[in-house]
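Trainee:
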Amino acid sequence: MRFRRYAPIAGLVLFVIALQLALSAAGAAYYFTQITMSVYYSLVALGLCLLMGYAGQISLGHAGFFAIGGYTSAFLTTHNIATSGGGSAVRLLQQLGLLVERQDLYGNAIVNLSPWLALAIAMAVTTAVALLVGLPVIRLRGHYLAMATLGFGIIVYRVVLGTAGLGEADGFSDVPPFRLFGWLEVNGRKPFAAQNYYIAWTLVVIVMLLGANLVRSRVGRALRSIRESEEAADALGVNVARYKLTVFVLSAWLAALAGVFATHYRGGIGPSEATAFKSIRYVAIVAAGGMTNLWGALTMGVLLNFLSLRGVFGSYDDAVFGAILIAIMLFAPDGLVRVPRLFRRIRKKLDGSLSA
Amino acid sequence: MDRCLLDTQGLNRFFGGLHAVRDLELRVAEGDILALIGPNGAGKTTTLNIIAGALKPESGVVRFRGKPITGWKPHAIAGLGIARTFQTTRLFPRMTVAENVQVGRHIRSRAGFLAGMFHLPRTWKEERAIREAALAILEKLGLAEDADTPAGNLSFGRQRGVEFARALAMEPSLLLLDEPAAGLNIYETAELARLITRIRDWGITVVIVEHDMSLVMEISDAVVVLHEGSILAQGKPAEIQKDSEVIRIYLGEDHA
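First to last, the protein sequences are chains A and B. Heads up, the first sequence is in the numbering used here, so the first residue is 1303 and it goes up one at a time. Heads up, the second sequence is in the numbering used here, so the first residue is 306 and it goes up one at a time.
#1: Is the beta carbon of A:L1516 sitting closer than 8 Å to the one on B:G421?
#2: Taking a contact to mean a Cβ-Cβ separation below 8 Å, would you say B:L440 touches B:V467 in this structure?
#3: Ends of the beta strand (DSSP E) at B:S364?
#4: Using the beta-carbon count (16 or more within 10 Å), is A:V1521 buried or exposed?
#5: Please list the segments of the alpha helix (DSSP H) lying wholly inside the region 1321-1364 of chain A, counting only runs of 4 or more residues, in order along the chain.
#6: Any beta carbon of chain A sitting closer than 8 Å to that of B:G315?
#7: In angstroms, rounded to a whole number, what distance separates the CA positions of A:M1449 and A:L1442?
#8: Is it buried or exposed for B:L459, if we count other Cβ within 10 angstroms and need 16 for buried?
#9: Pick from B:S549, B:H424 and B:G534: whose alpha carbon is nearest that of B:A325?
#10: Where do the N-terminal and C-terminal ends of the alpha helix (DSSP H) with B:E496 fall, by residue?
#11: Quick check: B:G365 and B:T313, are their CB atoms within less than 8 Å of each other?
#12: 8 Å is my cut-off, CB to CB: does A:A1537 come that close to chain B?
#13: Would you verify that the beta carbon of B:I536 is, or is not, closer than 8 Å to some beta carbon of chain A?
#14: Kindly give me the distance between the Cβ atoms of A:Y1584 and A:H1364, rounded to whole angstroms, as I take these residues to be in contact under 8 Å.
#15: Could you compute how far the alpha carbon of A:W1674 sits from the alpha carbon of A:F1367?
#16: Taking 8 Å as the cut-off, decide whether the C-beta atoms of A:L1348 and A:V1461 are in contact.
#17: Within 10 Å of its beta-carbon, does B:E484 have 16 or more other beta-carbons around it, so buried, or fewer, so exposed?
#18: Whole angstroms is fine: what's the gap from B:G346's alpha carbon to B:I338's?
#19: Going by C-alpha to C-alpha distance, which of B:R370, B:I382 and B:G336 sits closest to A:A1534?
#20: Give me, in chain order, the residues of the same chain whose beta-carbon lies closer than 6 Å to that of A:S1581; leave out the 5 immediate sequence neighbours on both sides.
#21: Going by other Cβ atoms of all chains shown within 10 Å of its Cβ, with 16 needed for buried, is B:L481 buried or exposed?
#22: Look up B:Q392 in the DSSP assignment and say whether it is helix, strand or coil.
#23: Contact criterion: CB-CB distance below 8 Å. Does A:V1540 meet it with respect to chain B?
#24: Are three or more beta carbon pairs between the region 1494-1503 of chain A and the region 360-375 of chain B nearer than 8 Å?
#25: Would you please verify whether the beta carbon of B:V408 is less than 8 Å from any beta carbon of chain A?
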């Protein structure tokens, strides 16, 4: 029982280590950058998988939460508070060790909030927005929920695109690395490539561990029961509204967390991260992974984002994800990781029509 | 023995211009099987839905063990130990039969999001208790062999059985049944009658909305006849069968 529960996670850890060793040995370390980004993106897919695949609540606005996390942290860690006054508050932050002094791109000395504080604030902002959006929106079902979350995503996109303090069309490009502790930092420069590969995967392993436990628990069953029949779940004592809101906030946290880490890793974030295309891409990934399948969402999240970042899809990138979504819905509603089952079904159909 | 488990006072509910439930004063004695009968549109299912919290009344009070529960949300009412089944069976079709019944243990267990994620010893003890209780109920109802089948793959009759098992997993003190015999053949209906009387013998009070008169007369301790939203007659099955007004309105003129 215990073994079956944790064996897949152990397998994942072994795979991650083996992949790193293989790539380093093959002198292909340049793959680390795209893999690391893909792993961060797959964190968004994991959250969306809990929300959409398990609880059955679609969100077409999850790129918005990724952007809220990334932009909040980018703003707070690049905004020079030495020039923005606020005397005693700044001194207090200084004494608490929550400020970082560094040089900007032009060699000027500036003072920023520490990324840890920025992370905390980003998560707090995400919580507030998720509750604000979630409380009214989670009462909606089906198409209405899809449209409302799409609207939310578009609002975030227009806000980051139209706000001078958020860099408008350019976004942020001077986001400092995030020193976690000691020598460990979220940093996109080459010497840090291997450790960042592990930092990203560590987050995903932790989320998989907690997520896989959650979906097999009482709460996991309650979430699936909501997906299957809200009325019946309600009649069995499941507080449908509260479960939906909680899983919505949880999935928003994962998206924002990914946004914060990816932004510090890449050293910037732009409005393209907040587009509806990005939101739909996350939905396509969860669908390709088989909807109610965290492992599928992880596999597809890493694989499809990696291919996309390698430029395999060329300038048809967004179109490819749209096509994937349509194809999955039509031909493989169980997702791509269940393709063997799909073949079995087709063969059964063929056998049936031959013998008939 | 004749303790009142649930009662309503001055209950009213409209659907547009239709007065579906009219000043209803219902009294359910603990340990009884109480049948709500009446022609279509008499307000039987509406009454059941108001008790279960799925509908709110325009006026009036619903009391459970003397405590007002009017307007409570369905999940809160379920939390009191009031279980229900639906007119059209509402299982969780893509979950296994065992999982369906395990959701029935929801109100009898506690693990939340954090407990679920960290899967600590207390949580896995609770999980084991949930699994065992669900299996025990399935065995009691002769459904154990289907435990790992997706509920949606079962025959209609067995699906109804699973819905019963799921409701019983709540260890309810009151069970509301909305036309449980609909769509069942005579053998399945006879089996259902035995099941419902067994449920009463386990100490669970039953309110049943049903059209099948032979079933109602066979198993009920008390019958309430609704007509246009209010009570036309109530009493023991034998008394109701003799009531000429009931016969005229409900069973049809030619029976009189």
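In this text, a Cβ means the ideal position worked out from N, Cα and C, and glycines have one as well.
Mentor: Quick look at the numbers:
#1: yes
#2: no
#3: S364 to F369
#4: buried
#5: 1333-1350
#6: no
#7: 10 Å
#8: When all chains shown are included, B:L459 counts as buried.
#9: B:G534
#10: I491 to D506
#11: Against a cut-off of 8 Å, the Cβ pair of B:T313 and B:G365 comes out as a contact.
#12: In terms of beta-carbon proximity, A:A1537 lines the interface with chain B, with at least one pair separated by less than 8 Å.
#13: no
#14: 5 Å
#15: With chain A covering only 1303 through 1658, there is no way to say anything about residue 1674 of chain A.
#16: no
#17: buried
#18: C-alpha separation (whole angstroms): 22 Å.
#19: B:I382
#20: Excluding sequence neighbours, A:S1581 sits near L1362, G1363, H1364, A1365 and G1455.
#21: buried
#22: The answer is coil: DSSP assigns B:Q392 none of H, G, I, E or B.
#23: yes
#24: no
#25: yes
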